[in-house]
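Report on the structure given below.
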Amino acid sequence: MITRLADELEVAPKTDDELRRLCTVPGIGPVTAGAIAAIAPDLETFDNGRNFAAWLGLVPRQHATGGKTRLGAVSAMGQCDICKLLIIGAMSVIRWVVRGGDSTNRWLASLVARKPRMVAAVALENKMARMVWARRAQ
61 MITRLADELE VAPKTDDELR RLCTVPGIGP VTAGAIAAIA PDLETFDNGR NFAAWLGLVP
121 RQHATGGKTR LGAVSAMGQC DICKLLIIGA MSVIRWVVRG GDSTNRWLAS LVARKPRMVA
181 AVALENKMAR MVWARRAQ
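For the sequence shown, our numbering assigns the number 198 to the last residue and increments by one with no breaks.
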């Protein structure tokens, strides 16, 4: 039964255009793409990628007073199943950047050099969510 499910996961991105587009995002594989396709609502309902990331719970809380906005911690609210899969993918991408010195993603390489890996992973997770919104809305 497990081998049958694994075979279906391998075949699904090859036959479904939506899953194929989602798998082009670095750090997103067939499992994460399938979870996004199954759990997330139609992404055309979100105005932009930030709203989708907020639905996932990846956007920092905003505290505004007197016209001055301060960003707080990332909330724990949102769709935790997809977030867990995205963080695993983000950590995988970060591992490749740290090991190989991948120079194609300068933003991530400089972020990993300046910040702890988990902070960089959450930032990359947020970016991945926005890329998912952009790719799925096409």
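Each residue gets a CB set at the ideal place from its N, CA and C atoms; glycine is no exception.
- prompt: DSSP puts arginine 159 in a beta bridge; with which residues?
  reply: Arginine 159 is not bridged to any residue.
- prompt: What is the rounded straight-line gap between the Cα of arginine 174 and the Cα of glycine 127?
  reply: 30 Å
- request: In the DSSP assignment, find the alpha helix (DSSP H) that holds alanine 66 and state where it starts and stops.
  value: First-last of the alpha helix (DSSP H) with alanine 66: 62–75.
message: Checking the sheet assignment: what are the DSSP bridge partners for arginine 130?
response: His123
- request: Determine the contact status of leucine 103 and arginine 196, defining contact as a CB-CB distance below 7 Å.
  value: yes
For leucine 118, the nearest candidate out of Thr129, Val71, Ile154, Leu146 (CA to CA): Taking only the C-alpha atoms, the option nearest leucine 118 is Leu146.
field: Residues near methionine 191 in its chain [Cβ-Cβ closer than 7 Å; skip 5 each side]
entry: Val85
message: Using C-beta distances below 7 Å, list every residue in its chain close to alanine 181, excluding the 5 sequence neighbours before and after it, in chain order.
response: Ile147, Ala150, Met151, Ile154
query: Would DSSP call asparagine 186 helix, strand or coil?
result: helix
field: Burial state of glycine 94, where buried means 16 or more other Cβ atoms lie within 10 Å
entry: buried
task: Can you have a look at valine 91 and say buried or exposed, based on whether 16 or more other CB atoms are within 10 angstroms of its CB?
output: exposed
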